[in-house]
Structure formats: structure tokens, C-alpha cells
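S.K.:
There are 2 protein chains.
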Amino acid sequence: MAENGRQAPKLASFHAPLSSETARFLVDSVDAFLFDCDGVIWKGDKLIDGVPEALQTLRSLGKKLVFVTNNSRRSRGKYAKKFLSLGLDVSEDEIFSSSFAAAMFLKLNNFPQDKKVYVIGEEGIVEEMELAGFTCLGGPEDRDKSVQLKSNSMVEHDKSVGAVVVGLDLHVNYYKFHYATLCIRENPGCLFIATNRDALGHITDTQECPGAGCMVAAVCATTEKEPVVVGKPSPFMMDFLVKRFQINTSRMCMVGDRLDTDILFGQNTGCKTLLVLSGVTSLSTLEDPSNNIHPDYYTSNLFSIVELLNK
Amino acid sequence: MAENGRQAPKLASFHAPLSSETARFLVDSVDAFLFDCDGVIWKGDKLIDGVPEALQTLRSLGKKLVFVTNNSRRSRGKYAKKFLSLGLDVSEDEIFSSSFAAAMFLKLNNFPQDKKVYVIGEEGIVEEMELAGFTCLGGPEDRDKSVQLKSNSMVEHDKSVGAVVVGLDLHVNYYKFHYATLCIRENPGCLFIATNRDALGHITDTQECPGAGCMVAAVCATTEKEPVVVGKPSPFMMDFLVKRFQINTSRMCMVGDRLDTDILFGQNTGCKTLLVLSGVTSLSTLEDPSNNIHPDYYTSNLFSIVELLNK
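Next up, the structure:
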């Protein structure tokens, strides 16, 4: 099978371990690498071994690098600082977080500036909303609130809330679920936006913890509505990437550690896909008969690309 | 149509407003009335008008009264006190709460006494579990806990937890979701029990708030598992009622304000069903073409039974 007129090694129709030959082919056939962060670049706050060398190698080959994360806890600015603190030189423009995607979704849909956004989530969402010119309620501000049980007491919600954005929230509480439910159920036309629906994720390097999917499912249950999802695997973020970098998705490779978000996102948008086993997916999960999401290639971690290219 | 040899008025094949004639027929044809509490007996902590008279009338006609509530916040003992505080003389034996049902489910399934139960929920669940001889973790004890974000920090969970019970929890937090998820995902054979899946309920008399369905959905999302439901509309509680009172379900009438729990529970177990409009269901919801759960009868509130019988 040939691509761009050059002879290619056997291209995987089903996941294949990355080899020296396919690594070279992959690098030659794409112009941009899209990376998930948690489980690919770092675990919690710990850099994964060999990542700086891998990114440096790909940059030196002239590849565009883009970081696409479902984690909504930080804004793009804060992510750039996290990269820097780990010794990685990545600019804000190279980062696409689901917090940013939520703000862009509202902007693209001409969300009125006089409407407010209620947030179940952390600073990242609030910061991106404010950068986009929107006014937020909830989020970190409501972390210590509770519902009063006295007779006649009720939570008065703001009728000008026109969107509820739900993302990962380590300080989620009953009050926030109640407030979000009131807005979605009672404010006509109120949007319900999920940054993503990941079941689990790495908050620290040692253990998987509930992801945004936990909070999103809770609000789905109380509102009996389904959200618009802006993070992976929804193709929403790809629209920006394509416009920003003017690269066709067939010339991109999505690298991630999750089948149901990263690899599905890559496949949904026409990218090549590479699964790394340094995060939540094990080889046995990949090869389990119940799995029906198959990347083009898989490899142990990002650094193995460098090793394979140098062989 | 005749029942028990006596001539009956037209029996509803589709919901019919309760009339003098059908009220008399209903009272004559059943031996026990099963009542939901929230929206039928009270709203939050406020008694619904005319309830004492209605219960008194049915008792004076020799009817057995049973109170079947999905609300797991209280134990049966605490519910008896609540009835008393509202001026209603109801004994513990007449009360079946979903907190009690959860404990009975474990007992019937020979849950080992050396295994522990992790609770997302309030005192009612913990009390019923302890009355049944089980040891609990979580619940009110974990209300102020949070997940630490330091590198290398992790939540150590108890490997002897053999069941997670999830009910309504006004002090739910991320730590509880995380702990419950760890138990269900990592302890082999760990049961996942939901007291109920109500989307909303009355915590106070003024406003509907998220129900246990909110917390249950969150744990379903993180564990990618479905729970055993012991509350309405699951028929689990009916087994006790039938054994305790030795009354055939065809001689029972389930009275409730919710179509998807109370009325469905009655129908699933072969009871007659009466919807009261004093709670969460409006006449327009009942008659909406999208509704496919139809009680035998409906009426405005419990007191209207008295009025119709006296006509």
C-alpha cells in the first residue's frame, strides 16, 4: 500500500506493535503529532521517562506538536506552566484543553454575553470562560456550600444562567448538583455541556480516580438530559486544530493512552493513531475480545519512538 | 367485570379519576394500602392536608396500612419518630424504607459478617446495617474527607469491603466516589447496591432536589457497572411485605406520587395502583403522550378518598 507515492511498510488494518520500519513510516507520513497528556506525557505530576527526548526528536524532524487533554482542571495558561515546571518547552498555542474547548463551543454558538455560565468544575473552566468574555457562577466558589434542610428553605438559582458546564471537580458537592439541575431543568434553553466523560483519570501518579464522567453522569441522572461533549472523543476540538495549523487530519497522528477517548478521537477525525501503554490501557485490555477500538499501532511509551527511529 | 363475586364498577384499563363509586370499590377490594411517603404523606417535613383523617378512615375500615419509602436518609426507627412528630401513630413494623431493604438484601444473601459495607448515604443506611449486624465504613464519617493531590499520595481502601451501598447523600463528595469506586473495581466480588434511582425528591417542602439516582449514576459511570436496586420500582421489598402480612398482592393497593417508582412498583408486583397528584407528578405529565406508565386510578390527594367515600 502506498501513501504520497512512497512505498510503505505493511500498514496495520488491526493494531500492530510499532516497529523500526513503521515508526519511520509514521514519522514520514504525518506533519503533526497530537498528544494526550495524562498517561502519555505525565502521570499526575510526574513526567514519564524519556518524554523530553521524544518530543525533542520529533521537533527536530520538523513535526508540529499539539497537546490535547480532556483534563479541565487547568486553563491553557496553567498547562503551559505545568509543562515548563516539568522542563518541557511547550507554548500555550500548542495546548488544547477541554476547558478551552467548552469556552470555544459557547463562543462559536454565539452564547450571549448577558447570560451566565454555571460551572461544576475547577479553576481551569472558570479561567477559560472569563478569557472568552463570559461570566461564571459556581466552580471553586461553591465548594463549601450545602443545602439547608429547614422547612421553607430553598436554593434560589439565577434565571440568567444559560449554560451549565460540567467537568472534573474534586470539590463537587450536593449543592452544586442541585444548582446545576435547577438551571438545566428550569431555565428555558439552558445548555448542558460536558468537558468530557472519562470514567477515570490520574489526579496523582499513583492511582486512578473518578474522572469528569462521574459528575456528568450525576447531572444526566437528575436532569434526564444528555450533554453536548466538547472533549475527546467528540470531534469538536479538531475543527480548531485543522483551522489553526492548516494540516489535513490524514497528516496527523493522535497519540494517547486511552482507547475510548484518544484513539476513538483520532479515528473519528481521520488521524493515524498510536496507543502508548504508559497510561490506563494495558496490552491485555487492548487484546481483549470485548475491545472493539483498535489503534493503527501501539508501543510501550513515547520514548520507544526514539529508540525505534535510532535502530 | 367482577372481582371476588361482587359486581364492580367499570375497572380502569387506563388511568381513571377516582370517583365515589370506584373509591368504594377500591376500598372493598383490597386488604392493605401501601403508601409512598414523600409527596403522599408529607412534603419534606410538612404534613399534607387531610392525611391524618384519610389514614384514620382506612384504619377504621380494617385496612392494613404500610409505608414504603425510597428515602434512605432515615432508619425505620427514625421514620416512626417522624410520623409521631407529625401527629401520626405509625409503628416501626409498618415502615419499609430502602435503607432497611438494603440491609435485608445483604442478610438474605448471607453476606458474611466479617466483610464490611461501604456507604455513600446517610445515617439511615448505617443504622439499618448495624441493626442487621453488619459493619459499615463511610457514610456520615467521610463527610469532610478529600483526596490529597500530593505526588505519591493515594487512598488506601479496605480490602474487606464486600458491598457498597449507595443512597441519597446530602454530604456526598469526591472522596466517597473515589473510595466506593476502588472497592467495587478492586475487591473481588464486591456487591454494588442502590437503595433506589430516583432522579429527584423533596428534601424540604419547597423544592425538588437531586435524589439517590444522582449518586448512583456517578458510581455507575466510574465503575462501569450497574447496581442491584432494592427500592421501588424493584419488587425486592414486596417479598417481605407478602411474608409479613400474608396478603396476596392482588389485595393490595399501592398509593404513590411517582409513576416510575411507586406506580411501576405496584404494577410490577401485581397490586392495584392509585396515583395522587400531591407530589411530583402533575396531571399533564400523567396524560402526556410520552408517558407509558398508567395507574388504575388517580386523585388529587389522600384526603379525597375520604371525601369520595362520604359522598
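Listed in order, the protein sequences are those of chains B and P. Each residue of the first sequence is one higher than the one before, counting from 1 in full-length UniProt numbering. Each residue of the second sequence is one higher than the one before, counting from 1 in full-length UniProt numbering. Backbone N, C-alpha and C define an ideal beta-carbon position, used for all residues, glycine too.
1. Roughly how many angstroms lie between the CA atoms of Val-117/B and Val-165/B, to the nearest whole one?
2. When you compare the CB of Ser-85/P with every CB in chain B, is at least one pair closer than 8 Å?
3. Does chain B have any CB closer than 8 Å to the CB of Asp-49/P?
4. Assess contact between the segment 144-158 of chain P and the segment 202-210 of chain B, defined as three or more Cβ pairs (one per stretch) separated by less than 8 Å. Is contact present?
5. For Ile-203/B, return the contacting residues in chain P, with the cut-off set at a CB-CB distance below 8 Å.
6. Which residues mark the beginning and the end of the beta strand (DSSP E) in which Cys-183/B is found?
7. Note down the Cα distance separating Gly-266/B from Leu-275/B, rounded to an integer number of angstroms.
8. Kindly indicate which residue of Asn-248/B, Asp-198/B and Cys-253/B has the alpha-carbon position closest to the one of Phe-67/B.
9. In chain order, what are the residue ranges of uninterrupted beta strand (DSSP E) at least 3 long that sit wholly in the segment 44-77 of chain B?
10. To the nearest angstrom, how far is the alpha carbon of residue 319/B from that of Lys-46/P?
11. Using a Cβ-Cβ cutoff of less than 6 Å, which residues in the same chain neighbour Val-219/B once the five nearest sequence positions on both sides are dropped?
12. Would you mind telling me which residues of chain D sit closer than 8 Å to Val-166/P, beta carbon to beta carbon, in chain order?
13. Would you mind telling me which residues of chain B sit closer than 8 Å to Ser-153/P, beta carbon to beta carbon, in chain order?
14. Should Asp-142/B be flagged as near chain P, meaning a C-beta pair shorter than 8 Å?
15. Report all residues from its chain with a CB closer than 8 Å to the CB of Lys-176/P; omit the five preceding and five following residues, and keep chain order.
16. Can you find a CB in chain B that lies within less than 8 Å of the CB of Thr-181/P?
17. Met-129/P by DSSP, collapsed to three states: which one?
18. Is there a Cβ from chain P that is less than 8 Å from the Cβ of Tyr-298/B?
19. Quick one: is Glu-224/P near chain B, going by C-beta distance under 8 Å?
20. Do Pro-295/B and Thr-273/B come within 8 Å of each other at the CB atom, strictly closer than that value?
21. On the criterion of 16 or more Cβ atoms from any shown chain inside 10 Å, does Leu-84/P qualify as buried, or is it exposed?
22. Could you tell me whether the Cβ of Ala-199/P comes closer than 8 Å to any Cβ of chain B?
23. Would the segment 90-108 of chain P count as touching the segment 236-244 of chain P if we require 3 or more Cβ pairs under 8 Å?
24. Is the Cβ-Cβ distance between His-178/B and Val-147/B less than 8 Å?
25. So which residues on chain P does Ser-272/B lean against when the C-beta distance must stay under 7 Å?
26. What does the alpha-carbon distance come out to for the pair His-157/P and Cys-183/P?
27. For Gly-189/B and Phe-111/B, which I take to be in contact (beta-carbon distance under 8 Å), what is that distance rounded to the nearest angstrom?
28. Does DSSP classify Thr-204/B as helix, strand or coil?
M.R.: Walking through what the data contain:
1. 7 Å
2. no
3. no
4. yes
5. Val-147 and Leu-149
6. Looking at the DSSP string, Cys-183/B is not in any beta strand (DSSP E); the run it does join, the alpha helix (DSSP H), is 174-186.
7. 10 Å
8. Cys-253/B
9. 64-69
10. Here chain B has residues from 1 to 311 only, and residue 319/B is not among them.
11. Val-166 and Ala-180
12. Among the protein chains of the structure shown, namely B and P, there is no chain D.
13. Thr-204 and Thr-206
14. no
15. Ile-120, Gly-138, Asp-142, Lys-145 and Asp-169
16. yes
17. helix
18. no
19. yes
20. yes
21. exposed
22. yes
23. yes
24. yes
25. With the sequence shown as reference, residue 272/B is identified as Lys, and Ser is not the correct amino acid for it. None at all; the shortest Cβ gap to chain P is about 28 Å.
26. 7 Å
27. Between Phe-111/B and Gly-189/B the Cβ distance is about 11 Å, and since that is not below 8 Å, they are no contact.
28. coil
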